[in-house]
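To start, the structure itself, in structure tokens.
Residue numbers (my numbering): 162 to 267.
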């Protein structure tokens with residue numbers, strides 16, 4: 162019995178891999194953002210900063226969510242490699258900007 166090539170199975174497999182990738186990236190970036198929120202809350206308690214110190218973390222959270230959504234749209238549009246690269250680029254940008262913000266606060 163010879164197995165025939167089925168493109169729909171392959172596309173489902175790629176979609177599942179992309180979802181696993183997206184979830185893992187969300188967990189990684191979410192961990193960095195959570196650490197940033199904890200660090201800022203510690204600085205607020207120690208130095209008496211205002212709640213506006215959280216603004217960059219909130220903006221970066223929204224930036225990553227937008228990037229993940231755009232990556233999903235690219236993947237659905239058939240640009241799979243571009244979607245993976247875009248999500249990884251946005252994730253690295255968010256992590257670097259978070260590090261810059263926290264290093265300036267400390």
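Beta carbons are placed, not taken as given, at the ideal position from N, Cα and C, and that holds for glycine.
Residues near residue i in its chain [Cβ-Cβ closer than 7 Å; skip 5 each side]
| i | result |
| --- | --- |
| residue 123 | Past the boundaries of the shown model lies residue 123; the chain is included only from 162 to 267, so the question cannot be answered. |
| residue 197 | 218, 259, 263 |
| residue 193 | 256, 259 |
Distance CB(residue i)-CB(residue j) smaller than 7 Å
| i | j | result |
| --- | --- | --- |
| residue 248 | residue 238 | no |
| residue 266 | residue 204 | yes |
Contact set for residue i: own chain, Cβ-Cβ below 6 Å, skip 5 residues either direction
| i | result |
| --- | --- |
| residue 243 | 235 |
| residue 222 | 194 |
Cβ-Cβ separation, residue j to residue i (assumed contact under 8 Å), whole Å
| i | j | result |
| --- | --- | --- |
| residue 199 | residue 252 | The pair is not a contact, with the Cβ atoms about 19 Å apart (cut-off 8 Å). |
Residue i, buried or exposed, once every other Cβ within 10 Å from all chains shown has been counted against 16
| i | result |
| --- | --- |
| residue 178 | exposed |
| residue 201 | buried |
Sequence-distant residues of its chain with Cβ nearer than 8 Å to residue i (five each side left out)
| i | result |
| --- | --- |
| residue 181 | none |
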